[in-house]
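Numbering (the numbering used here), first residue to last: 780 to 1249. Please read the structure below before turning to the comments.
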Ligand SMILES: [Zn+2]
């Protein structure tokens, strides 16, 4: 801001964030209590929530009114889900204006706002926008009402809060006395950034360190901060473990929380061997509605009070625990601003076959395969290609894209029907590569008519060169 003064808009965003955080804390006890619900409690709640969502969508979204004409919302049960047609991200983005139920809201206005938003994401009063690279090779745009955004965050964060109990027993004040650090993540419209920004606790500032840059700078800061809790990415923790082993890092975190990528068993084992007293938490979430909460016993539970996840095979039939799904159908039961009902996400789910030792009856997920992001390696420089993807997310006219690693940089392929600012996109990717230390990076861009997909119909967003080729 000019002259260091704070504008009215900025102040109101701060005030909204404060009330959003307060609302989150009022929801948290309820969300924590749901962890212990019986199966009957969960199913009764889901049936009611599904009926309410169907009724709302039929009444306020012309698109759903046409698709759900044969469904009686008042008497629908979970068994009726299979009578509801599946929707795709393409459906959502093409029919956004007929799906969104906020009066006067439009995708064009949301996209225009997204291009200029930097540190606040409120729109149409206290609604919040989330952008996502996500599934299907096309950026997605989501909007949440005030309560729903807090509910999504509380639904996912409750696993973390449950894991703070041992610290609380030792006399650490929860939550304000818990020393927190994140290693990874940068400013963007990505869901995870927006959520952590909105719900950051000003009474307990988190030490935010970039995991996408040179690590050694972070060690002194971590040694000083001595965090109880570290949020990071699986690919980053390998370096932290090495530094701890050779003495450059000397910390004893009690909770390591992994996000953004699939957590390989080898990395889980390495982290556990390095910090035996630490709980290793991870969970899966999506901009379409969150989705799971972490469990101290490994894996995570589906937030079945908030969403319905149907893991299915290639023919759309339900799969059994222990089998790998081809994709999932995702239904958001709580965010009425933008109803998401039986929405296809091409993640590979593996449900646990055994009940969880924690006792929670919410369906346990052993692992979600296929979110593992391949790294681009240039000599000793390692880059998570999601950092390059941010440049693509700023261009809402891109329908599908793929980022290919080259010897000296990257090649960006995209499909679009409306204009894309190629110069800006290339400049941004170039700057990212340069920032990471790639010498004289080359970025090329090419508009294509379509993409070759995998046998399963998936588009790989990131194509690294074979190991050692760059
Ligand atoms: Zn559990």
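Cβ atoms here follow ideal geometry from the backbone N, Cα and C, with glycine treated the same way.
Hey, how far is the Cα of residue 840 from the Cα of residue 1108?
On the chain shown, residue 840 is found 61 positions in, with the first residue counted as 1. On the chain shown, residue 1108 is found 329 positions in, with the first residue counted as 1. For residue 840 and residue 1108, the distance between alpha carbons rounds to 20 angstroms.
DSSP has residue 1090 in a bridge; who is on the other side?
As a first step, residue 1090 must be located in the chain shown, where it is residue number 311. Answer by DSSP bridge pairing, in chain order: 1107.
Three-state secondary structure (DSSP) at residue 1183?
Here residue 1183 corresponds to residue number 404 of the chain shown, with the count starting at 1. Of the three classes helix, strand and coil, the one that applies to residue 1183 here is strand, per DSSP.
Quick check on DSSP: helix, strand or coil for residue 964?
Position 185 of the chain shown holds residue 964. Its pLDDT being 49, under 50, residue 964 is placed unreliably by the model, and nothing is read from it.
Got a sec: does ligand 1 put a non-hydrogen atom nearer than 7 angstroms to the Cβ of residue 1240?
On the chain shown, residue 1240 is found 461 positions in, with the first residue counted as 1. Not so, every heavy atom of ligand 1 lies at least 7 angstroms from the Cβ.
Would the beta-carbon of residue 1080 be found less than 7 angstroms away from any heavy atom of ligand 1?
The residue you call residue 1080 lines up with position 301 of the chain shown. Yes, the Cβ of residue 1080 comes within 7 angstroms of a heavy atom of ligand 1.
Rounded to whole angstroms, what is the Cα-Cα separation between residue 967 and residue 1022?
Counted from its first residue, the chain shown places residue 967 at position 188. Counted from its first residue, the chain shown places residue 1022 at position 243. Legend: pLDDT at residue 967 = 47, less than 50; position of this residue unreliable, value from coordinates given subsequently. Approximately 29 angstroms, taken between the alpha carbons.
Using a threshold of 7 angstroms, is the CB atom of residue 1062 nearer than that to any non-hydrogen atom of ligand 1?
Your numbering for residue 1062 matches position 283 in the chain shown. No; taking the cut-off as 7 angstroms, the Cβ of residue 1062 has no heavy atom of ligand 1 nearer than that.
Restricting to Cα atoms, I'd like to know which of 826, 1079, 854, 867 is closest to residue 1144.
Position 365 of the chain shown holds residue 1144. Of 826, 1079, 854, 867, the residue nearest in Cα terms is 1079.
Decide if the segment 937-945 is in contact with the segment 919-926; the criterion is three or more beta carbon pairs, one per stretch, under 8 angstroms apart.
Touching, no.
Here's the rule I'm using: 16 or more other beta-carbon atoms within 10 Å means buried, otherwise exposed. How should residue 1038 be labelled?
Your numbering for residue 1038 matches position 259 in the chain shown. Residue 1038 should be labelled buried.
For residue 1175, tell me which candidate among 804, 911, 1063 has the shortest Cα-Cα distance.
Counted from its first residue, the chain shown places residue 1175 at position 396. The candidate whose alpha carbon is nearest that of residue 1175 is 911.
Check residue 958 in the structure and name its three-state DSSP category.
As a first step, residue 958 is located in the chain shown; it is residue number 179 there, counting from the start. Residue state, collapsed to three classes: coil.
May I ask you to check if the CB of residue 1051 is nearer than 7 angstroms to at least one heavy atom of ligand 1?
Walking along the chain shown from the start, residue 1051 turns up at place 272. Answer for residue 1051: no, Cβ out of range of ligand 1.
Would you mind giving the Cβ-Cβ distance between residue 1001 and residue 1020, rounded to the nearest angstrom? I have them listed as a contact below 8 angstroms.
One-based indexing of the chain shown puts residue 1001 at position 222. One-based indexing of the chain shown puts residue 1020 at position 241. Actually they are not in contact, since the Cβ atoms of residue 1001 and residue 1020 sit about 13 angstroms apart, beyond 8 angstroms.
Is the beta carbon of residue 892 less than 8 angstroms from the beta carbon of residue 908?
Walking along the chain shown from the start, residue 892 turns up at place 113. Walking along the chain shown from the start, residue 908 turns up at place 129. Their beta carbons are under 8 angstroms apart, which means residue 892 touches residue 908 by this criterion.
Going along the chain, which residues of its own chain have a beta-carbon closer than 7 angstroms to the beta-carbon of residue 1010, five neighbours each way excluded?
As a first step, residue 1010 must be located in the chain shown, where it is residue number 231. Same-chain partners within the cutoff: 961, 1036, 1038.
Sorry if obvious, but does the Cβ on residue 1076 come closer than 7 angstroms to a heavy atom of ligand 1?
For the purposes of this step, residue 1076 is taken as residue 297 along the chain shown, with counting starting at 1. Residue 1076: yes, Cβ under 7 angstroms from ligand 1.
In terms of residue numbering, what span does the alpha helix (DSSP H) encompassing residue 1067 cover?
Taking the first residue of the chain shown as position 1, residue 1067 is located at position 288. Taken as a continuous stretch (DSSP letters only), residue 1067 belongs to no alpha helix (DSSP H), as it is neither H nor E.
Shorter than 7 angstroms, the distance from the beta carbon of residue 721 to the closest heavy atom of ligand 1, or not?
Residue 721 lies beyond the stretch modelled for the chain, which goes from 780 to 1249, so this question has no answer here.
Using DSSP bridges, identify the partner residues of residue 818.
One-based indexing of the chain shown puts residue 818 at position 39. In the DSSP output, where bridge partners are listed per residue, residue 818 has none listed.
DSSP three-state label for residue 783, please.
Taking the first residue of the chain shown as 1, we reach residue 783 at position 4. Reliability of the predicted coordinates at residue 783 is poor, the pLDDT of 38 falling under 50, and the value obtained from them is presented with this limitation in mind. Residue 783: helix per DSSP, three-state reduction.
Between which residues of its own chain and residue 1007 is the CB-CB distance below 8 angstroms, once the five residues before and five after are set aside?
Taking the chain shown and counting its residues from 1, the one referred to as residue 1007 is at position 228. Once the five neighbours on either side are set aside, the close Cβ partners of residue 1007 are 946, 951, 957, 958, 959, 1032, 1033, 1034.
Reducing DSSP to helix, strand and coil, say where residue 906 ends up.
Against the chain shown, residue 906 aligns to sequence position 127. Strand.
May I ask whether a heavy atom of ligand 1 can be found less than 7 angstroms away from the beta carbon of residue 942?
Along the chain shown, one-based indexing puts residue 942 at 163. No, ligand 1 has no heavy atom inside 7 angstroms of this Cβ.
Considering Cα atoms alone, identify which of 1183, 1209, 1212, 1221 is closest to residue 1244.
Along the chain shown, one-based indexing puts residue 1244 at 465. Ranking the options by Cα distance to residue 1244, first place goes to 1183.
Assuming residue 1147 and residue 1126 make a contact with CB atoms under 8 angstroms, what is their CB distance in whole Å?
Taking the chain shown and counting its residues from 1, the one referred to as residue 1147 is at position 368. Taking the chain shown and counting its residues from 1, the one referred to as residue 1126 is at position 347. Indeed, because the Cβ distance is near 5 angstroms, the residues count as touching under 8 angstroms.
Could you check if residue 1005 is buried or exposed, using at least 16 other CB atoms within 10 Å of its CB as the buried criterion?
In the chain shown, counting from the first residue as 1, residue 1005 sits at position 226. Exposed, since its Cβ has fewer than 16 Cβ neighbours within 10 Å.
Could you say which of 1087, 1180, 872 lies nearest to residue 821 if we only look at CA atoms?
By 1-based counting over the chain shown, the position of residue 821 is 42. For the residues 1087, 1180, 872, the minimum Cα distance to residue 821 belongs to 1087.
Which residue or residues does DSSP assign as beta-bridge partners of residue 1226?
Taking the chain shown and counting its residues from 1, one reaches residue 1226 at position 447. 1193, per the DSSP bridge assignment.
Give me the Cα-Cα distance between residue 1241 and residue 1156, rounded to the nearest whole angstrom.
Residue 1241 sits at position 462 when you count from the first residue of the chain shown. Residue 1156 sits at position 377 when you count from the first residue of the chain shown. Taking the straight line from one Cα to the other gives about 12 angstroms.
I want to check one thing, is the minimum distance from the CB of residue 1071 to the heavy atoms of ligand 1 below 7 angstroms?
Sequence index remark: in the chain shown, residue 1071 carries index 292 (1-based). No, ligand 1 has no heavy atom inside 7 angstroms of this Cβ.
Please go through the same chain and pick out, in chain order, the residues whose beta-carbon is closer than 6 angstroms to the beta-carbon of residue 1084, but skip the five residues on each side of it.
Taking the chain shown and counting its residues from 1, one reaches residue 1084 at position 305. Only 813, 824 meet the Cβ criterion.
With a cut-off of 8 angstroms on the beta carbons, I'd call residue 924 and residue 795 a contact; round off their distance for me.
Sequence index remark: in the chain shown, residue 924 carries index 145 (1-based). Sequence index remark: in the chain shown, residue 795 carries index 16 (1-based). That pair is no contact at about 13 angstroms.
CB residue 1222 to CB residue 1189, shorter than 8 angstroms?
Stepping through the chain shown from its first residue, residue 1222 is reached at position 443. Stepping through the chain shown from its first residue, residue 1189 is reached at position 410. Yes, Cβ-Cβ distance for residue 1222 and residue 1189 is below 8 angstroms.
Could you say which of 849, 1200, 793, 1173 lies nearest to residue 980 if we only look at CA atoms?
As a position in the chain shown, residue 980 is number 201, starting the count at 1. For the residues 849, 1200, 793, 1173, the minimum Cα distance to residue 980 belongs to 793.
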